[in-house]
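With the first letter of the sequence shown counted as 1, position 2 gets the number -3 in the numbering used here; the numbers rise by one all the way through. Just so you know, even glycine gets a beta-carbon here, dropped at the ideal spot from N, CA and C.
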Amino acid sequence: MIKVRILTPEWSREISCDAVFLPGEMGEFEVLVNHAPIISTLLKGSVRWRTGEEMESLDIIGGVMRLKDNEMSICAEV
């Protein structure tokens, strides 16, 4: 599982999921368990995550993300 912490100016949320789909500067990309460490800026779009068969999403204006050792932090403006 990937542990994801989403931070916005108004609130924060922590989730565990199998995959995260992010609106990166060079296009949407997917992060799966054991992905290599990465830092990326995020553009306006939808951050989506999948846990089993269930999908959830959050629309963002922009932000940044960091992933290391199956722990992701997303700082975003919504």
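**OP:** Sort out for me which residues DSSP pairs threonine 3 with in a bridge.
**Re:** Sequence index remark: in the sequence shown, residue 3 carries index 8 (1-based). For threonine 3, which the question treats as bridged, DSSP gives no partner whatsoever.
**OP:** Output yes or no for whether 9 Å exceeds the beta carbon distance between histidine 30 and leucine 53.
**Re:** As a position in the sequence shown, residue 30 is number 35, starting the count at 1. As a position in the sequence shown, residue 53 is number 58, starting the count at 1. No, the Cβ-Cβ distance between histidine 30 and leucine 53 is not below 9 Å.
**OP:** Out of Glu49, Leu27, Gly47, Lys39, point me to the one whose CA is closest to cysteine 70's CA.
**Re:** On the sequence shown, residue 70 is found 75 positions in, with the first residue counted as 1. Here the closest residue by C-alpha is Lys39.
Original post:
Between the beta-carbon of isoleucine 1 and the beta-carbon of alanine 14, is there less than 9 Å?
Top reply: By 1-based counting over the sequence shown, the position of residue 1 is 6. By 1-based counting over the sequence shown, the position of residue 14 is 19. Their beta carbons are not under 9 Å apart, which means isoleucine 1 does not touch alanine 14 by this criterion.
**OP:** Give the single residue among Pro4, Glu5, Glu9 whose Cα lies nearest to the Cα of glutamate 66.
**Re:** To locate residue 66, count along the sequence shown from 1; it is residue 71. Ranking Pro4, Glu5, Glu9 by Cα distance to glutamate 66 puts Glu9 first.
Subject >> Nearest-angstrom Cα separation, counted from serine 35 out to proline 4 >> reply: Taking the first residue of the sequence shown as position 1, residue 4 is located at position 9. Taking the first residue of the sequence shown as position 1, residue 35 is located at position 40. Proline 4 and serine 35: Cα-Cα distance of roughly 19 Å.
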